[in-house]
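Chemist:
2 protein chains.
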Amino acid sequence: MCAEGFFPALTAGGRKAAIDANKKMIDETAELGAPLLVLVCGAQPGLALTESRQQIQEGIAAILPHAEACGIQLGIEPLHPMYADSRSAINTLEQANDLAEEMHSDFLGVVYDVYHLWWDPRLRSETARCASGGNLLAFHVCDWKTPTEDLLLDRGLMGEGCIDLHQIRGWVEDGGYKGFIEVEIFSKKYWAMDQYVFLDLIMAAYRSHV
Amino acid sequence: MCAEGFFPALTAGGRKAAIDANKKMIDETAELGAPLLVLVCGAQPGLALTESRQQIQEGIAAILPHAEACGIQLGIEPLHPMYADSRSAINTLEQANDLAEEMHSDFLGVVYDVYHLWWDPRLRSETARCASGGNLLAFHVCDWKTPTEDLLLDRGLMGEGCIDLHQIRGWVEDGGYKGFIEVEIFSKKYWAMDQYVFLDLIMAAYRSHV
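First to last, the sequence lines map onto chains Y and X.
Counting the first sequence from 1 gives a position; the working numbering is that position plus 13.
Counting the second sequence from 1 gives a position; the working numbering is that position plus 13.
Here it is, written out as structure tokens:
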């Protein structure tokens, strides 16, 4: 289930509303029988990133007992630094690993999307740390196109861009990850086409490039 | 003077052409009496980032003696991770600091643009390292708008976005930087307006927010 989060807010009331919304989303995730709630952690243009990061940690700490009680895993998804203004102040795998390790729980881990992480010079070592530590809960693939024409909705099919998916999948699986590999392609272009054709393209791209 | 660089290429001929172009640009920089050539280091969608980074280091090593002979400083500019596909494989201040320190020269340093670096969780410590080590050669300001509508040409005036310029300027100057603070705003919107009006806006924004 994706996505709640968005913990940072300019007021205490806003932070409490986010915590309540996340608890409700945990309930809904449990009701659906889904195992995992993906957290897009949030950021506020008017808040310093250090403050947003603190509020994210406090927000997760506030909902984690409810997730544990419901048997739902929470996955911290680091987002690409181009989303640091308003979508997430957690922008590297290292930050997500730090949070998951510090707040250690069987019901807290990391959601790993190549689109957000591929550029990171520390990716190999942080992937090993995440996967071998048991914190890698989900693995998402797509590709980064050149040129990218929209900050949110111009992801590419696997193989259409510059991400070395074989290499990254190798790192993830070398660390012991055995879960699903999920395809996540936010794209105005692909969403506009016949979705059965799109599905065929996804399957072909997956077989060749993942 | 800005910008050459673009060292990574798919062929040896391409890499040699980049080195020749950079040497010519060093000559032109000297002819103009400018002290500094800014290096946008380059990236190639078909090359792994680790390989691009190696080629960047080799390219800089190949032109550095010419820069030293001409009395021109070279400034490695780390670019935002959203440009890692085709503009630069150097995406954090830490990477630029590593390169500048490893290839130590009075004629090699780092160009620091808040637009590229503001999101980095290591920014404070890497800024101190860069400035106090004498490697901070230029300091550029603008702002990151919410929403940002174009990956290249939608920068904001200082104060229009989420970057804490007072804080970053403090870190830069605490490290001993005494050079110019340059305003660099790539923007379709601002480039379309009367440039004298734009200059007035820049001066007002600088006084209030830098």
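Glycine included, C-beta positions come from ideal geometry on N, C-alpha and C.
Counting only beta-carbon atoms, is Trp157/X nearer than 8 Å to chain Y?
Modeler: Output row for Trp157/X: interface = yes.
Chemist: Work out the CA separation of Ser145/X and Leu170/Y for me, nearest whole Å.
Modeler: Spanning the two alpha carbons is a distance of roughly 44 Å.
Chemist: In chain X, which residues lie less than 7 Å from Met14/Y when you measure between Cβ atoms?
Modeler: In chain order: nothing, as chain X lies at least about 26 Å away.
Chemist: Between the alpha carbons of Ile69/X and Arg182/X, how many angstroms are there, rounded?
Modeler: Rounded to whole angstroms, Ile69/X to Arg182/X spans 28 Å at the Cα level.
Chemist: Does DSSP put Gly174/X in a helix, in a strand, or in coil?
Modeler: In this structure, Gly174/X counts as coil in the three-state DSSP scheme.
Chemist: Determine whether the Cβ of His117/X lies closer than 8 Å to any Cβ atom of chain Y.
Modeler: Taking Cβ atoms only, chain Y never reaches closer than 8 Å to His117/X, which makes this a no.
Chemist: Run down chain Y in chain order and give the residues with a C-beta less than 8 Å from the C-beta of Thr105/X.
Modeler: In chain order: Pro134.
Chemist: Output, in sequence order along the chain, the residues in the stretch 140-167 of chain X whose CB is closer than 7 Å to any CB in chain C.
Modeler: The structure shown has no chain C; the protein chains it does contain are Y and X.
Chemist: Are the beta-carbon atoms of Leu52/Y and Gly27/Y separated by less than 8 Å?
Modeler: No, the Cβ-Cβ distance between Leu52/Y and Gly27/Y is not below 8 Å.
Chemist: Interface residues of chain Y around Cys175/X at Cβ under 7 Å?
Modeler: Within 7 Å Cβ-Cβ: Pro58 and Asp98.
Chemist: At 3 residues or longer, what runs of the beta strand (DSSP E) sit wholly inside the stretch 78-115 of chain Y?
Modeler: If we require 3 residues or more, the beta strand (DSSP E) runs fully inside the stretch 78-115 of chain Y come out as 86-89.
Chemist: Can Thr159/X and Pro58/Y be called in contact, C-beta distance under 8 Å?
Modeler: Contact: yes.
Chemist: So which residues on chain X does Met61/Y lean against when the C-beta distance must stay under 7 Å?
Modeler: Note that residue 61/Y is Ala in the sequence shown, not Met. Chain X residues near Ala61/Y: Asp177.
Chemist: With 7 Å as the limit, tell me which residues of the stretch 69-97 of chain X have their beta carbon closer than that to any beta carbon of chain Y; keep them in chain order.
Modeler: Listed in sequence order: His93, Pro94, Met95 and Ala97.
Chemist: Going by CA-CA distance only, name the one from His79/X, Asp111/X and Leu121/X that's closest to Glu41/X.
Modeler: Closest option to Glu41/X, Cα to Cα, is His79/X.
Chemist: Output needed for Ala56/X: all residues of its chain with C-beta closer than 8 Å, excluding positions within five of it in sequence on either side, in chain order.
Modeler: Result list for Ala56/X: Pro21, Leu62, Ser65, Tyr96, Ala97, Asp98, Ser99, Arg100, Ser101 and Ala102, in chain order.
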